[in-house]
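Participant: Sequence positions in the sequence shown follow my numbering and run 63 to 863.
Yeah, the Cβ is synthetic: ideal placement off N, Cα and C, and Gly gets one too.
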Amino acid sequence: MGTTDSTAPAPGTPTAPAGSGSSALGDGPGAEGAPLGTTARLMRFLPALAAYAFLVALLLAADTSVGDVARYTFYVLWGVLLPGTLVFRALRRRPHTLVEDLAFGAVVGLVLELAAWAVLVGLGLQSVATAWPLAVVIPFAAVPGLRRHWFPRGYRRTSTAWSWSVAGTVGLTSAYLYAVVLSKNPIVPDTETTRQYIDLPYLLSLAGNAKHNFPLTFPQAAGEPLHYHWFTFVHMAMTDLVGHIDLPVVQMRLMVPALVALAMVITAVVAHRLSGRAWAGPVAALLVFAVGEFNAVYPNNTPSWTFGAPAVPLMAWASLSLTYSQPLLMALIGVVGDALRGRGEDDGERQGRIPSLGRGAFVLAALFAVASSAAKASSLPVTLAALAFAGLMVLIGTRRIPWTIVGLGAIIAGAQLFATAVLFKFESYGLEVVPFGNIERYWADPEHTRTAVTQAVVVTATLGAFLLNHQLRLVGMIPLLWRRRLRLEQTQWFLLGGALAGPSVYLVVNGFNASYFTLAGLPFGVLLSAWGYCEVFERAALPTRAKAALAVGTLAFVGLLTYGIYHYAGDWATFALKAVGDAKGTKSYTALVPALAAAAALAGIAAVCGVLWWAVGRVRPALRRRGGLVLLTAALAAGAPSLLLDVQQTRQIPWDGAWPLPASQVEAGRWVRAHSDPSDVLVTNGHCRSENDYAVPGQTCWNSLSFWLSAYSERSVLVEGWAYSPRLMSEKSGTFWDQPLLKLNDDAIYQPTADILDQLHDRYHVRYLVVNRKLAPESPLLKTLATQVFDNGRMAVYEIS
Numbered sequence: 063m064g065t066t067d068s069t070a071p072a073p074g075t076p077t078a079p080a081g082s083g084s085s086a087l088g089d090g091p092g093a094e095g096a097p098l099g100t101t102a103r104l105m106r107f108l109p110a111l112a113a114y115a116f117l118v119a120l121l122l123a124a125d126t127s128v129g130d131v132a133r134y135t136f137y138v139l140w141g142v143l144l145p146g147t148l149v150f151r152a153l154r155r156r157p158h159t160l161v162e163d164l165a166f167g168a169v170v171g172l173v174l175e176l177a178a179w180a181v182l183v184g185l186g187l188q189s190v191a192t193a194w195p196l197a198v199v200i201p202f203a204a205v206p207g208l209r210r211h212w213f214p215r216g217y218r219r220t221s222t223a224w225s226w227s228v229a230g231t232v233g234l235t236s237a238y239l240y241a242v243v244l245s246k247n248p249i250v251p252d253t254e255t256t257r258q259y260i261d262l263p264y265l266l267s268l269a270g271n272a273k274h275n276f277p278l279t280f281p282q283a284a285g286e287p288l289h290y291h292w293f294t295f296v297h298m299a300m301t302d303l304v305g306h307i308d309l310p311v312v313q314m315r316l317m318v319p320a321l322v323a324l325a326m327v328i329t330a331v332v333a334h335r336l337s338g339r340a341w342a343g344p345v346a347a348l349l350v351f352a353v354g355e356f357n358a359v360y361p362n363n364t365p366s367w368t369f370g371a372p373a374v375p376l377m378a379w380a381s382l383s384l385t386y387s388q389p390l391l392m393a394l395i396g397v398v399g400d401a402l403r404g405r406g407e408d409d410g411e412r413q414g415r416i417p418s419l420g421r422g423a424f425v426l427a428a429l430f431a432v433a434s435s436a437a438k439a440s441s442l443p444v445t446l447a448a449l450a451f452a453g454l455m456v457l458i459g460t461r462r463i464p465w466t467i468v469g470l471g472a473i474i475a476g477a478q479l480f481a482t483a484v485l486f487k488f489e490s491y492g493l494e495v496v497p498f499g500n501i502e503r504y505w506a507d508p509e510h511t512r513t514a515v516t517q518a519v520v521v522t523a524t525l526g527a528f529l530l531n532h533q534l535r536l537v538g539m540i541p542l543l544w545r546r547r548l549r550l551e552q553t554q555w556f557l558l559g560g561a562l563a564g565p566s567v568y569l570v571v572n573g574f575n576a577s578y579f580t581l582a583g584l585p586f587g588v589l590l591s592a593w594g595y596c597e598v599f600e601r602a603a604l605p606t607r608a609k610a611a612l613a614v615g616t617l618a619f620v621g622l623l624t625y626g627i628y629h630y631a632g633d634w635a636t637f638a639l640k641a642v643g644d645a646k647g648t649k650s651y652t653a654l655v656p657a658l659a660a661a662a663a664l665a666g667i668a669a670v671c672g673v674l675w676w677a678v679g680r681v682r683p684a685l686r687r688r689g690g691l692v693l694l695t696a697a698l699a700a701g702a703p704s705l706l707l708d709v710q711q712t713r714q715i716p717w718d719g720a721w722p723l724p725a726s727q728v729e730a731g732r733w734v735r736a737h738s739d740p741s742d743v744l745v746t747n748g749h750c751r752s753e754n755d756y757a758v759p760g761q762t763c764w765n766s767l768s769f770w771l772s773a774y775s776e777r778s779v780l781v782e783g784w785a786y787s788p789r790l791m792s793e794k795s796g797t798f799w800d801q802p803l804l805k806l807n808d809d810a811i812y813q814p815t816a817d818i819l820d821q822l823h824d825r826y827h828v829r830y831l832v833v834n835r836k837l838a839p840e841s842p843l844l845k846t847l848a849t850q851v852f853d854n855g856r857m858a859v860y861e862i863s
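1) Which residues in the same chain have their Cβ closer than 6 Å to the Cβ of R735, if we skip the five residues on either side of it in sequence?
2) Start and end of the alpha helix (DSSP H) containing P586?
3) Under 8 Å between the Cβ atoms of L803 and V781?
4) Opposite N572 in the DSSP bridges: which residues?
5) Taking only the alpha-carbon atoms, compute the straight-line gap between L316 and L617 and give it to the nearest angstrom.
6) Between which two residues does the alpha helix (DSSP H) harbouring V228 extend?
7) Just how far apart, CA to CA, sit R103 and W212?
8) Please name the residue in V681, G459 and A333 whose C-alpha comes closest to that of R549.
9) Just to confirm, are H297 and Y386 a CB contact at a threshold of 8 Å?
10) Would A203 and R210 be called neighbours here (beta carbons separated by less than 8 Å)?
11) When burial is assigned at 16 or more other CB atoms within 10 Å of the CB, is N834 buried or exposed?
12) Go ahead and pull the three-state DSSP assignment for Y259.
13) Rounded to whole angstroms, what is the Cα-Cα separation between V588 and P277?
14) Going by C-alpha to C-alpha distance, which of P417, P109 and R154 sits closest to V327?
15) Can you look up R415 in the DSSP assignment and give me helix, strand or coil?
16) Using 8 Å as the threshold, is the region 151 to 160 in touch with the region 211 to 230, meaning 3 or more CB pairs across them?
17) Rounding to the nearest angstrom, what Cα-Cα distance links Y134 and A662 in this structure?
18) Between the region 533 to 543 and the region 584 to 604, do at least 3 Cβ pairs fall closer than 8 Å?
19) Hey, quick one: how far does the beta strand (DSSP E) through N500 stretch, first residue to last?
20) Buried or exposed: K438, going by 16 or more other Cβ atoms within 10 Å of its Cβ?
21) Check G855 in the structure and name its three-state DSSP category.
22) Relative to the C-alpha of Q533, which candidate in Q188, A582, W784 and R461 has its C-alpha closest?
23) Using the Cα positions of F136 and A193, report the straight-line distance between them to the nearest angstrom.
24) P464: buried (16+ other C-beta within 10 angstroms of its C-beta) or exposed?
25) Decide if V670 is buried, meaning its Cβ has at least 16 other Cβ atoms within 10 Å, or exposed.
26) Run the CB neighbour count on R403, radius 10 Å, all protein chains shown included, and call it buried at 16 or more, exposed below.
27) Starting from N834, follow the beta strand (DSSP E) in both directions and report where the run begins and ends.
28) Nearest to Q282 by alpha carbon, out of G796, E840, L844 and F769?
29) Nearest CA to the CA of R825: which residue from Q813, V743, P788 and L562?
30) L530: which of T580, L348, L122 and F574 sits nearest, CA to CA?
31) Specify the secondary structure class of T301 as computed by DSSP and reduced to three states.
32) State the start and end residues of the unbroken beta strand (DSSP E) segment that holds V170.
33) Below 8 Å on the Cβ atoms is my guess for L266 versus A124; work out the distance and round it to an integer in Å.
34) With three or more C-beta pairs closer than 8 Å as the rule, is the region 601 to 621 touching the region 685 to 697?
35) Return helix, strand or coil for R546, following the three-state DSSP convention.
36) Verify whether the separation of the beta carbon atoms of I473 and A523 is less than 8 Å.
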């Protein structure tokens with residue numbers, strides 16, 4: 063086992079593959095030749111404009127105002143894209159394509175936004191937040207050496223087909239988000255029966271806190287520090303401060319589709335840069351965002367989350383930190399992978415490959431690493447493990463210390479140490495090392511009724527189901543590894559290391575949140591999988607008709623599979639469970655059987671088709687050595703029905719975890735926001751979240767998941783819901799840590815005295831008491847001790863003078 067020189071391709075690999083590299087795009091050397099006319103220049107932007115117009119149409123159809131869309135467009139262009147692109151151009155060595163500058167520039171803009179927020183909020187300058195990009199614009203306009211980055215020359219042109227392909231993937235995901243989220247959820251709860259996913263008010267409360275606090279605090283317990291990955295909510299706060307857009311609009315309409323679109327574009331750009339194959343870009347974007355998990359769908363048409371959270375976009379709106387972290391992680395992978403290529407600028411030009419970013423890649427790596435550190439806590443550990451794996455493989459293969467990997471590892475490790483010590487304060491959020499703790503329940507045999515052979519089969523099947531669930535879309539890397547005999551370039555070792563590290567951490571660390579390590583490893587593997595798929599596609603050398611037939615056949619396969627799962631999943635599950643002697647569905651492995659049986663059935667069909675393909679190939683030589691491409695395409699597309707099924711399921715069944723959030727409660731919260739100062743603290747009697755929204759005063763609730771008041775008032779609450787506090791997540795406790803304070807809070811509403819209200823006002827800066835009468839009515843004495851300032855029947859607000 064060894065590694066090739068980073069400046070040379072693997073043995074037998076063409077340096078610039080025909081039909082897939084830069085020249086295939088029309089962006090290779092000499093592509094700048096003939097000047098483009100005005101119409102041709104405008105046509106180059108048509109795919110991007112079409113994707114933008116389509117998304118705007120969907121937003122307007124989802125009751126987003128034209129003004130909010132316009133303000134958000136201004137915010138993206140002025141507050142993210144412009145400063146970020148200027149800085150990226152100053153750091154990269156020379157231009158490649160305009161779309162690359164804009165994609166990386168947008169991600170750099172997200173990083174700069176964090177620094178701007180720290181200064182603005184730290185100094186109390188939120189009122190001038192809209193002007194912060196001038197800190198970048200003015201130097202780039204005034205300094206001669208920087209002025210050239212406004213209008214760089216030497217861009218290579220991307221092909222129209224590539225641009226439309228990437229725009230199409232963005233449009234596909236936008237349509238999915240509209241179908242499952244935008245069209246299903248009001249921006250603000252507007253009826254007494256409105257339901258909302260339980261985490262969304264909590265996430266909204268963090269964004270409201272970020273508008274006024276540096277660093278963030280825990281809004282549901284005033285003054286409690288928040289040791290958490292909270293950069294996502296800084297981005298939401300800056301969207302409000304710079305674009306002057308209401309936070310619920312940002313959360314429920316604008317942020318998610320925009321970040322998903324950015325993640326798809328940066329994925330396409332990074333795949334192209336690292337593989338040298340343009341079409342690896344759209345393939346990678348589809349694998350990340352359009353191909354979901356290969357899992358079972360049960361008779362009630364609800365998906366099985368057998369191995370933790372599903373990938374983006376299924377979790378795009380439920381886990382905003384995951385959505386925000388995706389473009390940052392992909393950009394980090396891109397600059398680290400580029401630095402590992404180790405090609406000089408001139409050498410890259412002579413080989414007809416993409417010129418390297420140069421030394422600026424190390425600065426960009428530091429920027430993206432710092433931003434990723436508290437965007438999602440799972441990103442940097444997987445990246446660091448990927449570098450360690452690559453370094454070990456290179457050391458074994460060359461017997462030389464890979465100093466580039468060492469330097470990059472130091473950068474990533476420094477960012478991780480900063481986040482762990484300063485931002486997270488070494489909080490673990492309940493994660494602990496328990497090998498196979500997340501999946502051992504599927505092979506559990508507490509009564510020891512299985513033989514050793516049977517248990518070995520169950521354990522093996524469980525591990526196989528885990529690989530099928532998230533990892534099936536990574537099979538494109540197998541032909542790449544096989545063809546190179548594991549003699550990989552440094553970049554390929556890095557991608558393989560990340561693909562292995564993510565699921566490995568999940569198998570070692572216990573807890574639902576560990577599934578985000580699997581998702582952090584997914585972009586690494588997808589890039590390598592798309593790379594391998596493109597190589598297989600090139601070797602097949604399909605004529606135009608065959609390419610069209612492959613595309614149509616793939617769509618037909620996905621359609622048939624989706625139809626079969628949707629209409630016959632229940633029957634199939636029953637049949638599969640009976641086949642393994644689990645007709646009642648009571649075994650530990652019950653949840654895995656339908657998916658494993660489906661995989662076995664598909665494998666059997668593939669085997670039969672393979673024999674037929676071989677037989678027909680003896681008569682039609684054109685089919686020879688192309689069956690592998692068909693099989694690989696089918697394997698990669700096998701998870702595609704998940705998005706289509708999710709759209710259909712949301713039409714029939716509400717999202718699991720959606721809870722009542724009446725409009726009357728939100729009305730009270732927003733009234734408080736309009737009539738209070740950011741430093742004001744609130745008191746409420748609502749701490750618990752139960753299905754019927756009732757709780758008995760003084761009774762311990764089964765889960766303290768009430769976040770709505772801090773969310774819609776954008777104010778800290780003395781004691782609201784404490785379930786997500788860092789200290790309780792680490793301690794795995796459900797009891798509030800300061801019982802005397804909780805009693806003081808509740809007594810102010812149910813047993814008020816002048817002394818209690820004075821103590822709340824003078825010591826804790828409480829101004830308003832917000833009473834949810836459906837839980838329990840306030841004491842009649844409260845009206846004599848405080849001023850009632852709001853009452854809509856269900857909710858009442860009292861002010862302490």
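Facilitator: On the basis of the data shown:
1) S775 and E776
2) One point to set straight first is that residue 586 is Phe, not Pro, in the sequence displayed. Run containing F586: S577 to A602, per the alpha helix (DSSP H) assignment.
3) yes
4) E494
5) 30 Å
6) T222 to L239
7) 18 Å
8) G459
9) yes
10) no
11) buried
12) strand
13) 35 Å
14) P109
15) coil
16) yes
17) 48 Å
18) yes
19) Here N500 belongs to no beta strand (DSSP E), and DSSP marks it neither H nor E.
20) buried
21) coil
22) A582
23) 12 Å
24) buried
25) exposed
26) buried
27) V828 to N834
28) F769
29) V743
30) T580
31) helix
32) Taken as a continuous stretch (DSSP letters only), V170 belongs to no beta strand (DSSP E), being part of the alpha helix (DSSP H) at L160 to G184.
33) Not confirmed; about 18 Å, so no contact.
34) yes
35) helix
36) no
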